[in-house]
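There are 6 protein chains.
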Amino acid sequence: MTQEYVRTDGRGVDQLREVTITRGWSAHAEGSALIEFGDTRVLCTASFESSVPRWLKGKGRGWVTAEYAMLPRATDTRSTRESVKGKIGGRTHEISRLIGRSLRAVVNLEALGENMITLDCDVLQADGGTRTAAVTGAFVALADAVEWARDNKRVAKRAEVLTDSVSAVSVGLLADNTAALDLPYAEDSTAETDMNVVATGSGDFVEIQGTAEGMPFTREQLNDLLDLAVIGTDQLTQIQKQALAE
Amino acid sequence: MTQEYVRTDGRGVDQLREVTITRGWSAHAEGSALIEFGDTRVLCTASFESSVPRWLKGKGRGWVTAEYAMLPRATDTRSTRESVKGKIGGRTHEISRLIGRSLRAVVNLEALGENMITLDCDVLQADGGTRTAAVTGAFVALADAVEWARDNKRVAKRAEVLTDSVSAVSVGLLADNTAALDLPYAEDSTAETDMNVVATGSGDFVEIQGTAEGMPFTREQLNDLLDLAVIGTDQLTQIQKQALAE
Amino acid sequence: MTQEYVRTDGRGVDQLREVTITRGWSAHAEGSALIEFGDTRVLCTASFESSVPRWLKGKGRGWVTAEYAMLPRATDTRSTRESVKGKIGGRTHEISRLIGRSLRAVVNLEALGENMITLDCDVLQADGGTRTAAVTGAFVALADAVEWARDNKRVAKRAEVLTDSVSAVSVGLLADNTAALDLPYAEDSTAETDMNVVATGSGDFVEIQGTAEGMPFTREQLNDLLDLAVIGTDQLTQIQKQALAE
Amino acid sequence: MTQEYVRTDGRGVDQLREVTITRGWSAHAEGSALIEFGDTRVLCTASFESSVPRWLKGKGRGWVTAEYAMLPRATDTRSTRESVKGKIGGRTHEISRLIGRSLRAVVNLEALGENMITLDCDVLQADGGTRTAAVTGAFVALADAVEWARDNKRVAKRAEVLTDSVSAVSVGLLADNTAALDLPYAEDSTAETDMNVVATGSGDFVEIQGTAEGMPFTREQLNDLLDLAVIGTDQLTQIQKQALAE
Amino acid sequence: MTQEYVRTDGRGVDQLREVTITRGWSAHAEGSALIEFGDTRVLCTASFESSVPRWLKGKGRGWVTAEYAMLPRATDTRSTRESVKGKIGGRTHEISRLIGRSLRAVVNLEALGENMITLDCDVLQADGGTRTAAVTGAFVALADAVEWARDNKRVAKRAEVLTDSVSAVSVGLLADNTAALDLPYAEDSTAETDMNVVATGSGDFVEIQGTAEGMPFTREQLNDLLDLAVIGTDQLTQIQKQALAE
Amino acid sequence: MTQEYVRTDGRGVDQLREVTITRGWSAHAEGSALIEFGDTRVLCTASFESSVPRWLKGKGRGWVTAEYAMLPRATDTRSTRESVKGKIGGRTHEISRLIGRSLRAVVNLEALGENMITLDCDVLQADGGTRTAAVTGAFVALADAVEWARDNKRVAKRAEVLTDSVSAVSVGLLADNTAALDLPYAEDSTAETDMNVVATGSGDFVEIQGTAEGMPFTREQLNDLLDLAVIGTDQLTQIQKQALAE
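Protein chains in written order, with UniProt numbering: chain B, 1 to 246; chain E, 1 to 246; chain F, 1 to 246; chain D, 1 to 246; chain G, 1 to 246; chain R, 1 to 246.
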């Protein structure tokens with residue numbers, strides 16, 4: 001890691017942008033959090049339902065799923081609504097699935113019972129890292145919904161529904177091959193390699209998605225990126241803990 | 001109007017809920033406003049584009065259009081995303097069209113030139129009156145986008161693009177036939193008659209949509225409702241002026 | 001109201017076009033009517049089904065719903081079929097919902113029992129006022145379907161299913177601000193304000209939808225329009241009665 | 001052919017149902033015909049457009065195409081609209097393509113020039129044989145649209161656009177293997193074999209579609225069916241001529 | 001039939017292309033066959049399911065259905081996937097329905113019991129005659145699936161599920177009006193008349209679909225075409241028998 | 001890595017399944033390969049087109065894209081066609097995008113000129129690793145299409161279009177946490193962690209996608225998996241070279 005590189009916002013390559021989590025932003029949802037990674041702003045709501053999808057009926061287990069979407073003017077240029085197009089794009093699908101898998105990795109679905117929690121992650125404003133902000137914020141909303149369910153006796157108290165916490169961060173090789181943490185849009189759109197890492201509070205990996213957008217990357221560069229990612233997810237774990245402690 | 005009726009939130013029948021308009025909520029849009037009517041919260045963004053739909057090309061006129069949508073958990077019960085269903089529902093269509101028509105009523109499309117402004121009204125939280133809040137907030141976002149376009153020489157300075165302001169409010173006959181202004185969800189869902197009124201800053205009507213959900217209504221009741229609506233839109237006009245003056 | 005204005009078809013401003021209702025036009029439907037308002041021609045069929053939508057099951061109430069559509073060459077220029085586009089447009093949705101609401105306003109859904117009546121209103125030829133003709137004709141088809149159901153012991157005889165009749169008419173401010181009744185396409189497409197009024201046989205309002213297409217309208221103009229509308233719906237009520245008496 | 005068989009409507013096995021063609025039923029279309037084969041009633045409109053689909057541009061030839069559809073309550077049981085389902089069913093597609101091919105068989109597309117005629121065949125009431133009635137009626141509407149185009153100098157007068165006439169009829173093997181002409185729904189739904197034959201006015205075949213719904217059919221039975229079909233299309237050709245002569 | 005005509009591949013006008021059937025090409029399906037008619041290559045799989053569509057439940061009968069599709073680059077020019085377009089085209093629908101009807105003509109649905117067999121016919125490479133190859137190959141896959149079902153006691157042994165075999169072939173009038181059997185793409189695309197004939201192993205007809213693409217055809221030409229078709233289906237019946245005997 | 005673990009097919013944990021590449025399987029495509037990884041069988045075709053998507057027009061660069069799909073009975077249980085569902089699922093989208101990105105990583109889009117190559121990867125039979133087989137086979141089809149384009153002077157000869165080769169393999173932590181290479185379905189469906197690695201012929205990474213399906217994985221386990229993946233992609237590179245040398 002070359003510390004000399006000057007980032008557009010003056011951060012060190014191993015620094016997160018300012019992260020803010022506002023719990024309970026939504027009056028109706030069983031859990032909710034507005035999470036901000038710099039200018040990226042994602043509203044995460046958790047909806048608890050006392051039923052499961054048909055394919056899970058009668059198996060004594062619950063389900064956690066997620067849907068990601070962007071408001072049309074969350075980005076610099078307005079994009080057409082997917083509801084207007086009549087179909088969901090590949091990117092949306094991919095990210096929704098990633099968020100769902102990431103959260104299920106820390107949920108004991110048996111302890112959840114035959115209930116379903118749906119996490120809606122709507123990007124109100126985008127500046128890079130929307131999917132990682134979504135995973136991180138969705139966990140907080142999920143934790144609150146699980147708490148709500150326990151308080152309202154919708155799940156058994158005995159077993160722990162959440163086995164760990166989970167957060168996510170992006171890392172990347174900038175144009176000059178400097179490895180950097182938490183890329184805003186300006187850096188992300190010109191990065192050689194872009195990687196999203198999802199990790200548990202205990203520090204293990206749930207998901208690693210690294211893509212060479214320009215030059216293929218070496219094993220050594222991969223290691224540098226993972227080192228940075230772990231710094232990021234460790235800090236996000238702390239921020240989640242503080243938010244949930246308030 | 002029986003003033004004795006006690007509303008769920010203690011308001012008089014001719015009082016608006018607390019209305020807040022936060023201009024510039026979105027970093028990317030040419031104009032934006034987060035508008036709140038009590039617990040109803042709508043994010044309105046205005047996107048300026050230097051082109052018009054195909055059917056308007058070469059006619060020297062611009063276009064203003066709107067799209068309304070609700071986040072899945074804006075309401076008490078989660079609803080399926082229209083993007084997931086693959087089609088837009090009738091209610092969404094109706095409201096989007098209403099907002100577009102309402103705004104165009106105060107726009108000089110010739111003065112706008114061959115440019116298009118799209119108003120996205122996304123309901124982040126719903127408690128009745130989302131369409132009227134959307135119209136009222138969208139006007140503020142539109143005014144800012146027009147200002148932006150003038151500052152950036154995207155429209156000619158000579159002619160006024162906006163000929164007036166526009167706002168909207170709901171009125172209704174509550175369960176006991178009391179006429180009341182600005183109905184929250186609890187009142188709206190049990191009202192006998194529900195009416196949305198869109199009016200200009202000068203006090204003329206742009207749109208009146210009154211529907212008997214229960215008993216048909218009389219000409220006299222209609223007059224009572226319109227009296228209340230005018231009180232509401234007059235106040236909303238003032239609130240818009242203040243917001244735009246800041 | 002200026003009576004001097006000469007309408008394209010020579011009518012007085014307070015006169016309906018010739019209205020014809022042909023009951024039983026369809027051999028299969030439980031009720032049907034071909035209704036004509038001048039050159040506007042709408043086929044209305046009522047289909048009775050001994051079941052209700054899922055969300056109504058077990059509640060002891062029935063449902064009345066409507067679907068409006070236009071044949072592709074009902075209008076001067078051929079329009080693409082909505083089945084070919086793969087989706088229903090906003091206008092179609094809006095009108096279908098209006099017809100359904102209008103009819104339900106005069107139906108005792110409890111007396112209907114757990115049965116559903118679907119009104120299909122297909123515009124075979126269009127010349128303005130298709131939605132108001134559809135409401136007016138659909139009521140006749142509905143009345144026949146209710147009669148059929150009583151004759152065939154599909155609903156209990158004791159309670160009245162229909163609490164009143166319902167009809168609809170359009171009114172508008174023509175280009176010179178003259179208020180006029182029952183606008184054909186030529187007048188409707190250049191009107192300053194366009195209003196559709198749905199009223200019961202007893203003369204109360206079920207729905208009022210007024211839209212300023214050009215200049216916003218004043219309270220006084222609104223009153224003039226409502227006066228004309230009431231003249232129209234009163235006459236349509238008589239025409240419905242005659243048709244049902246034959 | 002056993003002449004002893006008694007048909008539901010008392011016809012001989014080689015008799016058509018009463019066929020009526022009402023030209024000019026639609027005020028807007030360049031050509032139109034309401035055609036009735038007994039209780040089957042199809043509205044055929046021809047829309048002339050001075051352009052061709054993109055794949056034909058610049059080739060000096062025109063195009064004739066058709067769209068078939070059924071009103072939801074054309075049949076005994078209401079069927080869901082294809083616009084509501086969001087897609088066109090296989091049967092609709094098949095019949096639309098059949099009508100288009102049948103008409104193009106008698107059109108000189110070069111003589112039509114770069115123009116397109118779309119035939120809309122909407123079944124208002126169905127009692128078997130809707131596709132054959134549609135072909136037969138669509139030809140009349142097409143002939144009128146071609147005439148309109150010649151009168152309005154939209155096609156060159158020198159060459160003949162129509163090279164022949166075209167009509168269609170159904171034949172089938174009834175439940176007892178009797179071959180019969182022009183099957184109503186009651187016979188069609190229980191027939192062993194169902195065949196639709198499209199023929200020119202000169203008596204040649206444009207399309208033969210025979211399907212064994214029950215028992216496979218022999219070469220001899222096929223010949224019997226074709227004999228009957230030719231009787232039918234010969235008569236339909238006369239009826240078309242009379243209609244066009246009026 | 002003029003035997004002098006020289007076909008592009010040197011065959012006689014009454015000769016099939018080389019036909020190959022590879023049974024069991026798919027490891028997972030209950031029955032499967034890769035069938036080749038010259039360069040046309042269709043993979044047919046039969047999937048057995050112990051349930052029937054909802055409309056057949058409780059009627060003691062089974063169902064056989066088919067779905068036809070083409071890989072995007074089965075043809076000379078790549079075509080857009082129907083999954084990407086979001087809808088199935090008319091041609092695909094038509095052929096899927098033809099294959100399903102053809103197979104059901106030789107299935108005793110009562111003997112099948114409340115089970116469903118779905119035939120998927122995917123064209124891996126196309127050179128004319130894909131639908132007839134699909135019918136012919138699908139029968140072999142179906143026969144194996146029925147055998148599997150009997151071996152696995154999924155259908156009763158007593159009654160015969162298959163009442164006969166079924167195969168299909170194309171015939172056509174080439175550009176010079178020569179009647180010819182089994183047309184490859186080069187001949188098919190320029191043929192005056194194109195006909196597909198589906199026949200049972202016993203030599204009766206299940207389906208005849210003849211279309212004049214150019215000149216209408218006479219009764220005599222039809223007879224010539226049917227003579228050739230019978231030669232073709234007789235040979236295909238033998239080839240199916242050999243394949244099933246191996 | 002515990003070498004003691006006995007795999008279902010007796011392979012060592014660092015052994016690929018038998019890999020076969022049949023070049024030129026398709027008669028029509030500019031490049032094609034049928035690739036088999038054990039029982040997984042994917043048909044890859046490359047379609048060359050002398051144009052680019054609209055957003056690339058006039059930029060002097062080409063495009064390489066991919067579409068992945070599965071035949072309905074490629075798997076043990078038949079799945080509904082995406083064309084029938086009317087939309088493409090998230091998994092399909094994800095894999096199509098992965099294949100496209102992987103191939104573009106080794107293509108010099110400037111050297112390709114304003115041309116597009118579309119890789120269709122259709123899974124004819126699935127037994128785990130379909131996306132990695134698709135990437136590996138698609139590269140061979142792509143190489144042949146590039147060669148075809150050079151031979152036919154559709155791209156300039158001077159610059160190299162392909163900068164390297166690319167292949168992909170799956171690795172995973174089996175149920176007992178043994179790291180293993182190239183997982184068939186039986187292992188993949190019960191693996192704790194599943195990882196797909198795309199690498200260039202030179203040994204650098206293009207894409208790493210690792211997902212904890214069960215327990216989160218440690219940095220050490222990640223390293224073991226990457227070691228195995230590199231063994232796999234090195235061998236696949238050799239197999240590709242041999243196939244292309246034939």
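A virtual CB, placed ideally from N, CA and C, is assigned to each residue, including glycine.
The structure displayed is predicted, hence computed values, not measured ones.
- Around the Cβ of residue 13(R), a 10 Å sphere holds 16 or more other Cβ atoms; the residue is buried.
- Per DSSP, the continuous alpha helix (DSSP H) segment holding residue 244(D) begins and ends at 219 to 245.
- In the DSSP assignment, residue 212(D) is bridged to 193(D).
- Contact between residue 21(E) and residue 140(E) holds: CB atoms are separated by about 6 Å, below the 8 Å threshold.
- For residue 122(B), DSSP records a beta bridge to 43(B), 69(B).
- Segment contact: the stretch 82 to 102 of chain E against the stretch 103 to 117 of chain B, fewer than three CB-CB distances shorter than 8 Å; contact not assigned.
- The residues 72, in chain order, have a CB closer than 6 Å to that of residue 79(G) in the same chain once the five nearest residues on each side in sequence are set aside.
- A Cβ-Cβ distance of about 12 Å is found for the pair residue 210(B) and residue 228(B), leaving them out of contact under the 8 Å criterion.
- Between residue 135(D) and residue 52(D), the C-beta spacing is not below 8 Å.
- Each of 39(E), 27(E), 32(E), 218(E) was checked against the Cα of residue 125(E), and the nearest Cα belongs to 39(E).
- Taking a Cβ-Cβ cut-off of 8 Å, residue 135(R) has no neighbours in chain G, whose nearest Cβ is about 18 Å from it.
- In the DSSP assignment, residue 168(G) falls within the unbroken beta strand (DSSP E) covering 166 to 173.
- For residue 200(F), the chain E residues whose Cβ falls inside 8 Å of its Cβ are 216, in order along the chain.
- Comparing C-alpha distances from residue 212(R) to each of 150(R), 172(R), 56(R), 107(R) shows the shortest one belongs to 172(R).
- Think of a sphere of 9 Å around the beta carbon of residue 90(F): the chain E residues whose beta carbon falls inside it are 88, 90, 92, 93, 94, 96, 97, in chain order.
- Boundaries of the beta strand (DSSP E) around residue 34(R): 31 to 37.
- Between the C-alpha atoms of residue 162(B) and residue 223(R) there is a straight-line separation of about 28 Å.
- Classified as buried, residue 87(R) has 16 or more neighbouring CB atoms from the shown chains inside 10 Å of its CB.
- Taking residue 232(G) as reference, the option from 102(G), 18(G), 219(G) with the minimal CA-CA separation is 18(G).
- Secondary structure note for residue 109(E): its alpha helix (DSSP H) is the uninterrupted segment 109 to 112.
- Around the beta-carbon of residue 131(E), 16 or more other beta-carbon atoms lie within 10 Å, marking it buried.
- By a beta-carbon distance limit of 8 Å, residue 30(G) contacts residue 148(G). Their separation comes to about 4 Å.
- Residue environment: residue 221(D) is assigned as buried (16 or more neighbouring CB atoms within 10 Å of its CB, all protein chains considered).
- The beta carbon of residue 106(G) lies closer than 7 Å to those of 162, 163, 164, 165, 166, 200 in the same chain, with the five residues before and after it left out.
- In this structure residue 67(R) is buried. Its beta-carbon is surrounded by 16 or more other beta-carbon atoms within 10 angstroms.
- The closest CA to that of residue 235(R), considering only 25(R), 37(R), 9(R), 33(R), is found on 37(R).
- Each of 103(F), 77(F), 205(F), 195(F) was checked against the Cα of residue 214(F), and the nearest Cα belongs to 195(F).
- Interface flag for residue 9(B) against chain E is unset, since no Cβ pair is found closer than 8 Å.
- Bounds of any beta strand (DSSP E) do not take in residue 16(R), whose DSSP letter is neither H nor E.
- The three-state reading of DSSP puts residue 186(G) in helix, counting H, G and I together.
- Taking a beta-carbon distance threshold of 8 Å, residue 163(E) does not count as an interface residue toward chain B.
- The DSSP-derived three-state label of residue 155(F) is coil.
- Taking CB atoms only, residue 211(D) has a neighbour in chain G less than 8 Å away.
- DSSP links residue 205(B) through a beta bridge to 199(B), 217(R).
- In this structure, the CA atom of residue 169(F) is about 23 Å from the CA atom of residue 204(E).
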